[in-house]
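Taking the numbering used here, I'd label the letters of the sequence shown as residues 79 to 872. Here a beta-carbon is modelled for each residue, glycine too, at the ideal position from N, C-alpha and C. Remember, it's a predicted structure, so these values are computed and weren't measured experimentally. To start, the structure under review is shown below, and the notes come after it.
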Amino acid sequence: MKPNDLNEPLAAQAAWRLAAEQACARIAPSWPLDALIAVNPWWEMRDEPFHCVSARLAALGDVHCLMSASWFEKQRPDGAPDVGKANRPVAAPHWKNIPAWLDNLQDRRHKMRWSDEVTHQISQFCAMFLQREQGALHRSAASGRVLGGSLYAEWLAFVQADRGIEILMGEPGLHNAFERLAPTHEQLFAEAIEVLVPHGDSAEDYLHALLLDVKGWAALCAYFDRYADAAPGVGSHMMLQLLAVRLAWELALWRHCQSADPSVWRSLQAAWQKQWQALDDMVQWHAQAQTLLWEKQADIERAYRSPLHARLRMPVPAPLAVRPNLQAVFCIDVRSEPYRRALEAQDPTIQTLGFAGFFGLPIRYRALGAVSSEARLPGLLKGQIDVLEQPVKSDDKAERYAQRLNRRARMLDCNGLAPTTFSLVESLGLGYAFKLFKAGFFPSSGQASDSVKSANVTWQLQKGGVPLTPDERIALVAGILRNMSLTGPFAPEVLLVGHGSTSQNNPHAAGLDCGACGGHDGALNARVLAMLLNDAQVRSGLRGLSIDIPDDTQFVAALHDTTTDEVICFDAVLSAQGRVWLEAASCMARRRRAPQLGIKPDNDALLKKRFEQRARDWSQPRPEWGLANNAAFIAAPRARTRHIDLAGRAFLHDYDWRRDTDGAVLELIMTAPMVVAHWINMQYYASVTDHRHYGSGNKILHNVVGGHLGVFEGNGGDLRIGLPLQSVHDGKRWRHEPLRLAAYLAAPAAPIEDIYNRHAAVKALVDNEWLHLFRLDDDPAQLQQLTRNGWRAA
């Protein structure tokens with residue numbers, strides 16, 4: 079044996095491992111339902127131009143990153159070019175995995191399609207396997223052993239013990255192909271790639287195509303792999319294991335066809351070889367076919383930006399020269415913008431600000447009586463501080479309160495999910511029927527989450543199990559105030575307004591809450607920050623840092639219910655005038671939103687009742703429109719936009735570059751809130767351009783998997799990711815216009831460019847046209863766009 083021969087197995091192993099890891103690295107994570115946040119499903123491919131990713135995804139998985147030609151035609155005035163004839167041939171070529179080829183080559187008119195069975199079998203097994211996270215270990219029906227091995231090993235034991243698959247598919251001998259599969263995923267990869275991948279070709283695209291077949295589970299596995307502390311006991315390298323399972327099906331079907339139907343196998347072999355040879359041409363074909371569509375995409379984005387730019391170029395009114403009577407800090411969420419306008423309309427001395435809804439608190443929250451913590455910060459960040467809920471008075475009432483919360487939480491888990499909703503009366507007796515009737519027809523007013531609305535609790539902040547020192551608390555608060563551009567003057571009352579949503583029978587409810595709070599409402603973060611800011615010791619320390627909060631200033635935590643537009647205050651009593659302003663703002667906001675929901679804006683009392691009924695209606699699939707139609711992100715002083723109706727389409731973050739002498743706040747904005755806004759924007763974008771692959775389908779058909787892992791549409795298929803159809807479509811038309819985010823920063827060019835050059839993710843988003851980045855100058859007439867080639871006039 080030659081020395082080089084000894085290296086061939088090692089080289090082959092390194093090659094498949096690299097290809098598999100690179101394929102897995104293309105899949106973005108998807109969070110479970112109970113911590114659901116919006117994600118760009120193509121985030122891990124941001125280092126490539128968007129149009130290149132679009133062409134490759136179209137070739138590998140029949141994925142659409144653009145709307146259809148006919149849709150673009152409808153957006154244009156009469157006489158626009160016929161995009162459809164130029165760009166939409168009858169059949170677009172795309173990669174077929176082995177089950178799809180067999181569906182075409184075999185006569186399966188009276189048998190289940192291989193593509194459906196492969197996805198269904200893998201999906202059902204993953205659901206069973208991953209329910210271990212729920213608590214009790216589930217036993218494998220195939221082996222009778224407690225699930226404890228890797229995903230691939232457990233799946234292999236399952237299929238090797240289950241002879242029902244070959245009976246279901248009408249394929250005698252199929253079980254033998256499963257018996258021949260390698261015992262470990264490493265051996266499986268080596269064998270399958272040797273058989274299925276032509277010598278000299280990279281397997282990365284092929285393996286990526288396999289993951290696109292089970293993209294929902296792949297995205298969840300990406301979450302488990304990258305956030306292992308959130309899913310203890312699930313195992314490591316979950317996506318690699320899932321890929322091995324999907325590849326095992328390829329190898330098993332190839333071998334089975336070879337032995338059971340040689341003539342079909344010869345046709346399969348020829349088609350398979352030809353497809354490998356044509357892959358690059360296939361990608362290029364889609365790139366050319368999409369050229370004009372990308373031009374039309376740019377046209378509709380300019381059509382949105384053009385009137386916005388005209389308004390941004392208008393002279394900026396002088397800012398308020400006196401001390402505000404009321405200040406209110408809202409989340410940057412697009413749903414806050416209409417409410418802020420309504421509140422500001424009540425009095426010129428009202429000032430509103432925009433800041434990330436977690437209020438800069440990098441916290442994990444442990445409720446009273448709970449044994450685990452919840453992240454209350456953006457998915458991009460990791461918790462640094464533990465917030466432990468404690469009773470104000472240590473007595474039996476606190477223990478009873480904790481027990482009541484736990485009982486209520488278990489009940490909400492039942493009546494909030496579709497599979498259990500309609501069995502509650504049968505389970506609990508007719509005594510519960512009255513509660514159902516009352517909840518549906520006589521709703522209560524808006525509510526905050528039960529875990530944080532009680533006045534009987536306070537919070538201890540710890541880092542590494544040790545309470546924060548006074549200096550640490552002061553430094554934390556000082557940083558937050560500077561980041562939100564709130565260092566004075568302070569109003570007598572300062573509202574810290576988190577936001578949450580109210581809906582019933584809605585597995586995706588967390589997606590309507592605050593993404594910056596990890597898919598929870600923002601009440602806790604607002605209350606904790608208000609507690610810190612009202613602390614005399616903290617205020618004294620802040621004065622030493624040139625942040626002087628007057629003694630008569632009171633910080634009040636509040637929650638904006640984005641379904642009902644009600645604002646609820648906690649802990650402190652708001653002045654009578656403040657309550658009047660909030661009530662008037664809520665009425666105005668509801669009147670403006672009513673037409674979007676098909677509600678006639680009658681008198682304010684009736685309108686409020688209708689919004690509350692909508693929030694409590696168990697049959698309502700569209701309690702609100704969430705962040706649909708988001709299109710812009712603006713980081714600037716509020717004076718730059720206060721005179722503009724942004725129609726609830728813009729994320730608004732307050733920023734004053736004159737107070738940011740070292741550019742640290744701008745850097746934080748560009749690398750965190752702007753990126754989060756991009757994630758949200760692309761989640762909605764993908765859920766519209768390709769709802770089949772990146773939307774979660776019809777809410778009416780949802781079945782929750784594993785209590786919180788995700789949903790099936792119906793009783794099987796892949797795990798569905800993305801937004802439900804009812805979140806982006808009203809039954810007649812799309813309610814979200816898929817536009818790439820337009821981000822505006824009111825800052826000098828030099829610091830923007832410096833941050834852009836130092837942060838690879840930001841640079842990739844701009845250079846590869848995943849978003850559009852603009853600069854607002856002190857001279858409103860000057861508006862510039864940053865591109866890979868530098869600045870240009872917008």
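Where the beta strand (DSSP E) containing residue i begins and where it ends
i	result
residue 775	773–775
residue 443	441–444
residue 595	No beta strand (DSSP E) holds residue 595; DSSP gives it neither H nor E.
Residues that residue i bridges to, as DSSP identifies them
i	result
residue 577	638
residue 820	710 and 850
residue 647	636
residue 837	For residue 837, which the question treats as bridged, DSSP gives no partner whatsoever.
residue 536	468
residue 571	404 and 632
residue 781	790
residue 541	544
residue 129	In the DSSP output, where bridge partners are listed per residue, residue 129 has none listed.
residue 172	Paired residue(s): none; residue 172 is not in a bridge.
residue 807	812
Backbone secondary structure at residue i - three-state DSSP
i	result
residue 109	coil
residue 207	helix
residue 213	Here residue 213 scores only 49 on pLDDT, less than 50, and its place in the model should not be relied on; the value that follows carries that caveat. Reduced to three states, the DSSP call for residue 213 is coil.
residue 184	coil
residue 95	helix
residue 632	strand
residue 453	strand
residue 871	strand
residue 788	strand
residue 259	coil
residue 753	helix
residue 223	Model confidence at residue 223 stands at a pLDDT of 43, short of 50, so the residue's coordinates are unreliable and nothing is read from them.
residue 862	strand
residue 761	helix
residue 812	strand
residue 500	The pLDDT assigned to residue 500 is 47, lower than 50, so where the model puts this residue is not dependable; a value taken from the coordinates is nonetheless given after this. DSSP places residue 500 in coil when its eight states are reduced to three.
residue 527	Bear in mind that a pLDDT of 47 at residue 527, under 50, signals an unreliable position, so the number given afterwards is only what the model happens to contain. The answer is coil: DSSP assigns residue 527 none of H, G, I, E or B.
residue 798	strand
residue 142	coil
residue 161	Confidence at residue 161 is low in this model, with a pLDDT of 46, below 50, so the placement of that residue should be treated as unreliable; the coordinate-derived value is given next. Helix.
residue 315	coil
residue 767	helix
residue 117	coil
residue 856	coil
residue 555	helix
residue 334	helix
Cβ-Cβ separation, residue j to residue i (assumed contact under 8 Å), whole Å
i	j	result
residue 317	residue 296	6 Å
residue 733	residue 744	7 Å
residue 641	residue 701	5 Å
residue 581	residue 693	6 Å
residue 667	residue 416	6 Å
residue 242	residue 796	Incorrect: roughly 21 Å between the Cβ atoms, too far for contact.
residue 801	residue 762	7 Å
residue 718	residue 854	6 Å
residue 588	residue 298	Going by Cβ atoms, the distance from residue 588 to residue 298 rounds to 15 Å, so no, they are not a contact pair.
residue 467	residue 445	5 Å
residue 329	residue 183	In fact, because the Cβ distance is near 17 Å, the residues do not count as touching under 8 Å.
residue 593	residue 456	7 Å
Neighbour flag for residue i against chain D, beta carbons, 8 Å
i	result
residue 545	Although the question refers to chain D, the structure presented lacks it and comprises just one protein chain.
Delimiting residues of the alpha helix (DSSP H) encompassing residue i
i	result
residue 467	Counting along the chain, residue 467 falls outside any alpha helix (DSSP H), though it belongs to the beta strand (DSSP E) covering 463–469.
residue 366	340–367
residue 283	282–291
residue 588	Per DSSP, residue 588 belongs to no alpha helix (DSSP H) and is neither H nor E.
residue 459	Premise fails: residue 459 is in no alpha helix (DSSP H) and is neither H nor E.
Distance cut-off 7 Å: residue i Cβ against heavy atoms of the ligand ATP
i	result
residue 383	No copy of the ligand ATP occurs in the structure displayed, which carries no ligand at all.
Starting from the N-terminal side, write out each stretch of the beta strand (DSSP E) that is 3 residues or longer and does not extend beyond the segment 664–744.
Within the segment 664–744, the complete beta strand (DSSP E) runs of at least 3 residues are 710–713 and 728–731.
Counting only runs of 3+ residues fully inside the segment 384–439, write out the beta strand (DSSP E) ranges in chain order.
Listed in chain order, the beta strand (DSSP E) elements of length 3 or more contained wholly in the segment 384–439 are 404–409 and 428–433.
Beta strand (DSSP E) segments (min. 3 residues) lying fully within the segment 230–259
Annotation: the segment 230–259 contains no complete segment of the beta strand (DSSP E) (minimum length 3 residues).
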